[in-house]
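According to mature numbering (1 follows the signal peptide of the UniProt record, and there is no 0), the residues represented by the sequence shown are -23 to -1, 1 to 145, in order.
Here a beta-carbon is modelled for each residue, glycine too, at the ideal position from N, C-alpha and C.
Input: a single structure, listed below in structure tokens.
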Amino acid sequence: MKRKSVAVLVALSLGLTSAMAWAEAKIGFVNSERLMREAPPAVAAQKRLEKEFEPRDRELKRMADELQALQQELERKGSSMNESERSRKERAFAEMSRDFQRKQREFREDLNQRRNEELARVLDQANKAIKKVAEDGKYDLVLQDAVYASPRIDITDQVIKALESAGQ
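Here it is as structure tokens:
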């Protein structure tokens, strides 16, 4: 009986000790979605991507408009065109459509690749800033993407400020 009592007391004291250790732990939370939306490196990366891909996007929109106009012409005037003219326009439409789809696929692939490159660069900078804020603030644990986090432990603003000052 005495051994059981001692074992229970030891177990309780160990449990209380670890609970007290967690109570003293300093925990922070970073909203990574907000960080990727508002942090200066993320905003700059988005602007670089837009600037880089905007001409190709305009070209694709122009091609889509041409395709739509050619399709409407074929629908409106197709029955009144002679066979050779209609056949020529249908071939031109099919060729333009294939070219458009190829360019659109290449555009998406290139954009995704560049977006991933920029994202990796931004994540690297963000992780360094999070680590710096955590070390400076003596945080024991920093979480990302929690179901719920109290605003009291949210350090996203501090990380954004650290990224701003690192960029200057």
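Collapsed DSSP secondary structure at residue i in the structure displayed
i, result
"V99", "helix"
"G114", "coil"
"A16", "coil"
"A22", "helix"
"A106", "helix"
"M(-4)", "In this prediction, M(-4) scores a pLDDT of 49, lower than 50, which makes its location untrustworthy; the coordinate-derived value is nonetheless stated afterwards. Note: M(-4) maps to helix in three-state DSSP."
"S123", "Inspection of the sequence shows that residue 123 is occupied by Ala rather than by Ser. A123 falls in the coil class under three-state DSSP."
"N93", "helix"
"V(-18)", "Confidence in V(-18) is poor, its pLDDT being 42 and thus under 50, which makes the residue's placement too unreliable to answer from."
"S56", "coil"
"K138", "helix"
Residue of the options minimising C-alpha distance to residue i
i, options, result
"E112", "R11, V136, E86, E1", "V136"
"E86", "D34, R14, E141", "D34"
"Q102", "R65, L26, G55, K138", "K138"
"A123", "R65, T133, E62", "T133"
"F6", "N104, N89, E141", "N104"
"R11", "E27, V99, M73, L51", "V99"
"K24", "Q121, L88, V119", "L88"
Beta-ladder partner(s) of residue i, from DSSP
i, result
"I4", "L118"
"D131", "F6"
Sequence-distant residues of its chain with Cβ nearer than 8 angstroms to residue i (five each side left out)
i, result
"E29", "R91"
"D76", "M40"
"L120", "I4, G5, F6, V7, A126"
"L37", "F77, K80, Q81, F84"
C-beta neighbour in chain C for residue i, strict 9 angstroms
i, result
"S127", "The structure shown contains no chain C; it holds only a single protein chain."
Close-in-space but distant-in-sequence residues of the same chain around residue i (CB under 7 angstroms, 5 per side omitted)
i, result
"V110", "I132, Q135, V136, A139"
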